[in-house]
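Undergrad: Under the working numbering, think of the first position of the sequence shown as 2, with each following residue one higher. Quick one: structure below, then a few questions.
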Amino acid sequence: MPQLSPLIVSTEHPQAVLSGLAPGAQVRFEVVPLRDKTQRREHSAQADANGELAVTLGTDPGGDTLIELLGVDGAEKTPLHAFVTSPELAGRLPLRCDLHVHTTWSDGKNTVEEMVQRAQALGLDVIAITDHNQHGGSLEAIDYAAKAGLPLLIFRGEEISSSSWHLLAIGASERIGVGEGRNTPEGIYPTLERVHALGGHGFLAHPYWKTSGTHHLVSAHYEQLLESGELDGIELFGDVDWSDNLRSLARYLALDPSRRPPILANSDTHAVGHTFGQLYTLVWARERSCEAVLEAITEKFAVACMFTPSGELLPAGPFELVDLAFFLHTNRVP
Ligand SMILES: [Zn+2]
Ligand SMILES: [Zn+2]
2 MPQLSPLIVS TEHPQAVLSG LAPGAQVRFE VVPLRDKTQR REHSAQADAN
52 GELAVTLGTD PGGDTLIELL GVDGAEKTPL HAFVTSPELA GRLPLRCDLH
102 VHTTWSDGKN TVEEMVQRAQ ALGLDVIAIT DHNQHGGSLE AIDYAAKAGL
152 PLLIFRGEEI SSSSWHLLAI GASERIGVGE GRNTPEGIYP TLERVHALGG
202 HGFLAHPYWK TSGTHHLVSA HYEQLLESGE LDGIELFGDV DWSDNLRSLA
252 RYLALDPSRR PPILANSDTH AVGHTFGQLY TLVWARERSC EAVLEAITEK
302 FAVACMFTPS GELLPAGPFE LVDLAFFLHT NRVP
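Put into C-alpha cells, the structure is as follows:
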C-alpha cells in the first residue's frame, strides 16, 4: 500500500516521499491542491530501487493537497494527502490541551488519578486540574503522572471562583482563591495581578455561562475586561453548551482582529465520562513543554476545538490553523 511522508510540508521544502511502490516502477500521479483545483498537475516519474519516489508539491495556494496515483493497481482508492504550510507552522508540534478539569478536590466526581488516567486514554497531551479555589489537585496530578511515568504535560492550576467571575489560573506557584474584598466584578483585576505575580497566566473561564437562566458574567464587565487587556486569554468554548459557546464566538469575531485575545477551548469536565475529550485547544508549540504551550497560546498558535455528538470537529481560530486542524482530524494524525 503506497504511503506518503511527511504529511505536513513546509513551503520552503515542499517535498514528500511516496513509499511502498514497486521498485523501479514508472508512476503516473496527479498533484491537486484542494484549495484550487485549477492548479492540478499530472506527473510521471520512476520509483527508485527501494520503491520510493520524491514528490514536489505546489506552494500556491498550499493547504491540503491530494496526491492521486494513476494506473497503479489498487492504489486509486487510497487518497494520499499532504498539507503545505508556512515553515513556521510546519516546524511546530500540534498538542491537544485541556486546561480546565475538575476532580474530588472540589465538585468533580472522580479522583485526580482517575482524571489523569482518562486524559492519557483520550490522547490528550496537556492538562490542568483546575478545582474551584483549590490548587492541591493540580500538584497531586503532577506528582502522580511523574511517578506513573506518563508523558502527559500537566500544569499547576486553579479555577478561582467568585460569585461574579471564574478565572483559570494556569502555572501560578501557589493557591490564590478569592481574596478578601475580591468577590465583586472588579475583584478580578487584583486577582489577575496576583496570578501574574505568582508566574501564572489568567484565562477568563466560560464568559457566557448561564446559572439559573441568567449570565454569570455581566456583559458590561466582560466588555471592560476585554478592553483592559489584562487577561492572558479567554475560554472561547467551555463545556458543551452550544448556545454559550456560539455567543462567545460571535462576540470574539466582532472584535477587531488586532484586539482579539488568545483563545482556549476546555471541557470543564466534572467526571471521566462528562465532557472530557469533547473540547480541547489544539496548540502548535515549538517543543513539548509547558512553557512552549503557554507561549504558543499567547502567540495565537491555537485553535479552539469542540466536537458534535457524531464526532464532527467544530474549530475556531485563524484560517490556516483551522484548515490544518481539519486536516489532522480527517487524516487521524496523532
Ligand atoms: Zn467555572
Ligand atoms: Zn470549572
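Glycine included, C-beta positions come from ideal geometry on N, C-alpha and C. Predicted model, so just to flag it, every value in this text is computed and none were measured.
Hey, would you say the C-beta of histidine 167 is under 6 Å away from at least one heavy atom of ligand 1?
TA: Yes, the Cβ of histidine 167 comes within 6 Å of a heavy atom of ligand 1.
Undergrad: Is methionine 2 helix, strand or coil by DSSP?
TA: DSSP places methionine 2 in coil when its eight states are reduced to three.
Undergrad: Answer with buried or exposed for glycine 230, where buried requires no fewer than 16 other C-beta atoms within 10 angstroms of its C-beta.
TA: Exposed is the call here.
Undergrad: Note down the Cα distance separating serine 162 from histidine 275, rounded to an integer number of angstroms.
TA: Those two C-alpha atoms are separated by around 20 Å.
Undergrad: Is the Cβ-Cβ distance between glycine 98 and valine 284 less than 7 Å?
TA: Reading off the sequence shown, one finds cysteine at residue 98, where the question assumed glycine. Yes; because the gap between Cβ atoms is below 7 Å, this pair is in contact.
Undergrad: Any heavy atom of ligand 1 closer than 6 Å to the CB of alanine 147?
TA: Alanine 147: no, Cβ never under 6 Å from ligand 1.
Undergrad: When the Cα of alanine 305 is compared with those of Val334, Asp240, Thr57 and Val273, which residue comes out closest?
TA: Checking every option, the nearest Cα to that of alanine 305 belongs to Asp240.
Undergrad: For glutamate 321, name the three-state secondary structure that DSSP assigns.
TA: Helix.
Undergrad: Under 7 Å, do proline 208 and glycine 234 count as touching if we go by C-beta distance?
TA: Taking 7 Å as the Cβ cut-off, proline 208 and glycine 234 do not qualify as a contacting pair.
Undergrad: Quick one: using the 10 Å Cβ neighbour count with 16 as the cut-off for buried, is proline 337 buried or exposed?
TA: No answer is possible for residue 337: the residues shown for the chain start at 2 and end at 335.
Undergrad: From glutamate 43 to asparagine 51, what does the alpha carbon distance come to, in whole angstroms?
TA: Taking the straight line from one Cα to the other gives about 23 Å.
Undergrad: Considering only the alpha carbon of each residue, which of Ala48, Pro80, Thr86 and Asp49 lies closest to leucine 58?
TA: Of Ala48, Pro80, Thr86 and Asp49, the residue nearest in Cα terms is Thr86.
Undergrad: Classify glutamine 279 as buried or exposed, calling it buried when 16 or more other Cβ atoms lie within 10 Å of its own Cβ.
TA: The residue is buried, with at least 16 neighbouring Cβ atoms inside 10 Å.
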